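Since the structure comes first, as structure tokens, the remarks are kept for the end.
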Amino acid sequence: MEKEYLIKKWLDNNLSDSELEAFKSLEDYDALVKLSNYSKGFKAPNFNQEAILDTIISQPKATPKKENWIVKALKVAAILVLCFSAYYYTTTLDTSYSTDFAEKKWIELPDHSTVNLNALSNITYNKNNWKTTRDINLQGEAFFNVEKGSSFNVITNNGTVTVLGTAFNVKHRDNFFEVTCYQGRVKVIHKDKTTILAKGETFLVVNGIIINRSTALDKPQWLSNTSAFKSIPLKEVIAEFERQYNVKVTTKNINTDLIFTGRFTHDNIDTALKSITLPIQLTYTKTNNTIILTRE
1 MEKEYLIKKW LDNNLSDSEL EAFKSLEDYD ALVKLSNYSK GFKAPNFNQE AILDTIISQP
61 KATPKKENWI VKALKVAAIL VLCFSAYYYT TTLDTSYSTD FAEKKWIELP DHSTVNLNAL
121 SNITYNKNNW KTTRDINLQG EAFFNVEKGS SFNVITNNGT VTVLGTAFNV KHRDNFFEVT
181 CYQGRVKVIH KDKTTILAKG ETFLVVNGII INRSTALDKP QWLSNTSAFK SIPLKEVIAE
241 FERQYNVKVT TKNINTDLIF TGRFTHDNID TALKSITLPI QLTYTKTNNT IILTRE
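Sequential numbering of the sequence shown, starting at 1, is according to the UniProt record's numbering.
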């Protein structure tokens, strides 16, 4: 029998018994069977076009869904709430400036008043309400030169300083609170005590003890990279030295409540250390970022 004849009848599934035996004896039999098995997996499903068309036509037409007016109102209200929240957040957001170890920073406020921040200090204020409320929160030390206008308040944990237009310095550390007036007048409220300072006067609180003193200077010396002290505990001097040079100072057999008068520069660490240690007969050693003070 001819090969093509047998294959055609086999594809039509119309082989007789004798023809099937002849087909199985073909040398291409195994390959033809495998091909047939693979092709079955790709056979397209039956498609009844008329039935599907009838199904589509018989479906009801979708009508546009009317949106309830309450839903619309709620959407508008939600948008308004979001807008109001964004406005409230931006208008109540505070502006902050801070300094790191051995860093000073000059800031101009919205009314052109200025602030000089000493090392490791921070101020916070709201510039959007500045025209009506000139309040600044201070941590650390800052020198203020204030333009005339509404009341200007510097708020610290140890007290509040209020002015109308003046130049003054505020230093607020752990157990140290100092206000010096360099121009005009300032009002200092510390706990239940109110003190008015004129030019050249200082209000100082050290370890809870109030000290009043005067100064002949026109501005604080730290603005010229020098820290100056008059009858101040040594531990306050050491703390300021650490802030200006970003070092750790440890002491051995030294009373850090010892009263110190003097100054040190911010530009040379060895010169600064000699300025502190020589007047009170101390020695120092430096190891990496640590300085050890000892009694001679």
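C-beta atoms are modelled at their ideal positions from N, C-alpha and C, and glycine is treated no differently. Please read all numbers here as calculations on a predicted model, not as lab measurements.
Find out if the Cβ-Cβ distance for the pair residue i, residue j is shorter than 8 Å.
i: residue 244; j: residue 119; result: yes
i: residue 162; j: residue 169; result: no
i: residue 256; j: residue 238; result: yes
i: residue 273; j: residue 292; result: no
Candidates the options: which alpha carbon is nearest residue i's?
i: residue 188; options: 210, 175 and 173; result: 210
i: residue 289; options: 218, 248, 278 and 279; result: 248
i: residue 158; options: 178, 169 and 213; result: 178
i: residue 268; options: 227, 239 and 256; result: 227
i: residue 200; options: 161, 213 and 153; result: 213
i: residue 185; options: 144, 265, 246 and 166; result: 166
i: residue 152; options: 171, 115, 139 and 176; result: 115
i: residue 295; options: 234, 253 and 150; result: 253
i: residue 128; options: 122, 110, 145 and 139; result: 110
i: residue 278; options: 261, 266 and 287; result: 261
i: residue 192; options: 99, 160, 202 and 96; result: 160
Where does residue i land, buried or exposed, given buried means 16+ other C-beta within 10 angstroms?
i: residue 223; result: exposed
i: residue 13; result: exposed
i: residue 198; result: exposed
i: residue 276; result: buried
i: residue 5; result: exposed
i: residue 216; result: exposed
i: residue 112; result: exposed
i: residue 20; result: exposed
Which of the three DSSP states, helix, strand or coil, is assigned to residue i?
i: residue 103; result: coil
i: residue 199; result: coil
i: residue 237; result: helix
i: residue 217; result: coil
Just to check my reading of the structure: residue i and residue j have Cβ atoms closer than 8 Å, yes? What is that Cβ distance to the nearest angstrom?
i: residue 206; j: residue 190; result: No, residue 206 and residue 190 are not in contact; Cβ-Cβ is about 12 Å, not under 8 Å.
i: residue 233; j: residue 196; result: About 27 Å; that fails the 8 Å criterion.
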